[in-house]
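In what follows, a structure is listed as structure tokens, so that the remarks can point back to it.
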Amino acid sequence: MARSIQAVRGMNDILPDQEHIWEFFEQTIREWVVAYGYRNIRMPIVEHTDLFVRSIGAVTDIVEKEMYTFLDHLNGDSLTLRPEGTASCVRAALEHNLLYAGPQRLYYSGPMFRHERPQKGRYRQFHQVGVEALGYTGPDIDAELIVMCADLWKRLGISNVCLQISTLGSVESRILYRSRLIEYLEKNLDKLDEDARRRLYSNPLRVLDRKNPEMQEIIGDAPGLLENLDEDSLRHSDKLQQILIDQGIEFEINPRLVRGLDYYNRTVFEWGTDKLGAQGTICAGGRYDGLVEQIGGKPTPACGFAMGVERLLALIAECGKEIPNSVLDVYVIHHGESTDGPTWKTVGYLRNQGLNVILHCGGGGFKAQMKKANASGARFAVILGEDEIQAGVISVKPLREEVKQVKIGLVEAVGLLKGI
Ligand code: ATP
Ligand code: MG
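Pasting the structure below:
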């Protein structure tokens with residue numbers, strides 16, 4: 015026997031038994047984004063590697079370790095499977111001059127790829143829904159994005175989610191802070207681990223992100239970002255907090271929230287839960303006023319977030335929301351080995367009436383077909399025996415309750431099958 019081929023590690027199949035949960039999620043997302051006036055944009059899954067290096071930052075975990083980058087052997091281009099959507103979304107908006115028409119509220123969804131160690135809630139192909147507001151200075155739009163998230167949690171029936179926010183200040187104040195931080199870290203060089211030393215000059219803010227227990231003391235004593243903020247950013251942050259308070263949205267200020275991508279400034283936020291173990295961040299985002307210019311556009315303020323679909327689906331399940339999973343109305347049982355004209359006609363009629371119908375295929379006796387009907391999850395079996403065809407009627411047998419089978423005219427049957 016040939017050796018069986020399996021899916022790539024960390025890349026999941028989504029099987030039919032899960033489909034109703036994904037459909038519920040996708041339907042809820044569509045209604046939600048439309049309610050806030052966001053429009054869909056679909057970008058390719060592959061982009062030029064430079065796009066991510068330039069936007070996410072060369073010295074970040076994503077770019078250094080997690081990207082699926084390969085050479086297009088046909089022309090020598092370096093390409094990358096997208097690890098996130100913001101850079102692609104901004105690239106597409108610029109390429110098609112969307113911003114000429116004014117600010118844009120956009121959203122996208124789809125698979126993202128990161129070469130991480132697979133574990134619960136962490137995969138190499140995973141899905142995100144991302145929302146981006148391009149061309150708005152905020153902080154009203156920052157607040158809108160956060161309010162939107164809170165609304166979505168309600169629509170999805172999830173609870174136990176907490177919001178953390180912080181501000182990174184302006185690009186200028188970060189440069190100033192960066193040099194203060196480097197100065198501090200240089201004084202404590204002997205206490206830094208190898209990774210921290212490597213990042214000392216390239217990305218010192220990331221040093222604060224180190225989980226190494228031996229470094230926690232020097233991280234704790236490091237000069238804080240919040241004490242080094244510029245006035246405008248402070249005002250922006252105060253205003254955002256005021257709107258959130260007015261809107262009844264609880265939050266915690268976490269000055270250590272640095273995020274794994276370099277393009278953020280001012281507002282950053284994360285929604286997390288304690289119900290999913292270690293991978294508890296379900297949604298993260300912030301302001302990225304410099305990114306449009308960095309990718310080659312005119313300076314344009316912007317703000318957005320992305321959420322991890324697999325983690326959200328796991329949380330929906332944790333919160334016990336019931337999602338009905340059968341959409342099949344009718345399983346049609348018929349006489350004879352091959353289905354004949356009247357059978358096909360009846361089935362066609364029922365489908366045109368909006369019913370979801372499986373026509374039994376593969377022959378077999380009445381009993382065997384009935385077994386299949388019971389196993390199918392359909393609400394009704396419709397029986398088309400010779401008697402029924404002769405009399406121009408159908409027999410309807412409810413499969414989920416103890417109700418007697420009835421013989422009934424086809425047109426009349428539609429109401430019964432639809433449950434009206
Ligand atoms: P984490 O800290 O969990 O690695 P991140 O900061 O790298 O997350 P972002 O780049 O902000 O994640 O992506 C937004 C969201 O996408 C995350 O909050 C998470 O829900 C989801 N996500 C990120 N990486 C993965 C992954 N490898 N598998 C599944 N979901 C992921
Ligand atoms: Mg990560």
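Per our numbering, residue 15 is the first one in the sequence shown, and the count goes up by one each step. Yeah, the Cβ is synthetic: ideal placement off N, Cα and C, and Gly gets one too. Treat the numbers as computed from the prediction; the structure is a model and nothing was measured.
Take the alpha-carbon of Leu113 and the one of Leu159: they are about 19 Å apart.
Less than 8 Å divides the Cβ of Ser180 from the Cβ of Ile267. Exclusion of the five residues before and after Val344 leaves Leu364, Leu369, Asn370, Val371, Ile372, Ala392, Arg393, Phe394, Ala395, Val396, Leu431 as the residues of its chain whose Cβ lies within less than 8 Å of its Cβ. DSSP lists Ile397 as the bridge partner or partners of Ile347.
Restricting attention to Val323, His250, Ala101, Tyr215, the CA atom closest to the CA of Thr151 is found in His250. According to the DSSP assignment, Gln178 belongs to no alpha helix (DSSP H) but to the beta strand (DSSP E) extending over 175-181. Taking a cut-off of 8 Å on C-beta distances, the stretch 201-214 does not touch the stretch 141-148, as fewer than three cross pairs fall below it.
Annotated as distal: Leu85 and Val60, with beta-carbon spacing of 8 Å or more. In this structure, Leu248 and Tyr191 do not form a Cβ contact; the two beta carbons are roughly 13 Å apart against a cut-off of 8 Å. Its Cα nearest to that of Tyr277, the residue Val104 stands out among Asp27, Val104, Met25, Met321. Its Cα nearest to that of Val282, the residue Arg273 stands out among Pro356, Leu206, Arg273, Pro313. Contact between Pro153 and Arg128 is absent: CB atoms are separated by about 30 Å, not below the 8 Å threshold. Non-local beta-carbon contacts of Glu400 in its own chain, meaning distances under 6 Å to residues more than five positions away in sequence, involve His349 in chain order. Each residue's CA atom was taken as its position, placing Leu177 and Val428 some 49 Å apart.
Annotated as distal: Lys385 and Glu332, with beta-carbon spacing of 8 Å or more. Between the ligand MG and Asp207, a heavy atom-to-CB distance of less than 7 Å is absent. Taking 8 Å as the cut-off, the Cβ atoms of Cys297 and Ile155 do not count as close. For Tyr137, there is no enclosing alpha helix (DSSP H), as DSSP marks it with neither H nor E. In terms of side-chain proximity, the C-beta atom of Glu332 is found no nearer than 7 Å to any non-hydrogen atom of the ligand ATP. With a threshold of 7 Å, the Cβ atom of Tyr121 does not count as near the ligand ATP, since no heavy atom of the ligand is closer than that. Beta-bridge analysis with DSSP links Gly286 to Cys176, Thr295.
Val371 sits in a strand when the DSSP states are folded into three classes. Within the DSSP secondary-structure output, Arg249 pairs in no beta bridge. The nearest non-hydrogen atom of the ligand MG is 7 Å or more from the C-beta of Gly24. Residue state for Gly234 is assigned as helix, using DSSP reduced to three classes. In this structure, DSSP gives Met57 a state outside helix and strand, which the three-state scheme calls coil.
Selection Cys375, Tyr137, Leu29, Ile347 evaluated against Glu402 yields Ile347 as nearest (Cα-Cα). With fewer than 16 other Cβ atoms from the protein chains shown falling within 10 Å of its own Cβ, Ile337 counts as exposed.
Relative to Ile422, the option among Leu398, Ile35, Pro30 whose CA is nearest is Leu398. The alpha carbon of Asp246 has as its nearest neighbour, out of Ser187, Pro269, Gln256, Gly294, the alpha carbon of Ser187. Non-local C-beta neighbours of Gly311 in its own chain, meaning closer than 6 Å and more than five positions away in sequence, comprise Leu108, ordered along the chain.
Of the candidates Leu329, Glu228, Ser184, the residue whose Cα lies closest to the Cα of Asp204 is Glu228. Annotation: the continuous alpha helix (DSSP H) that includes Tyr198 extends over 185-201.
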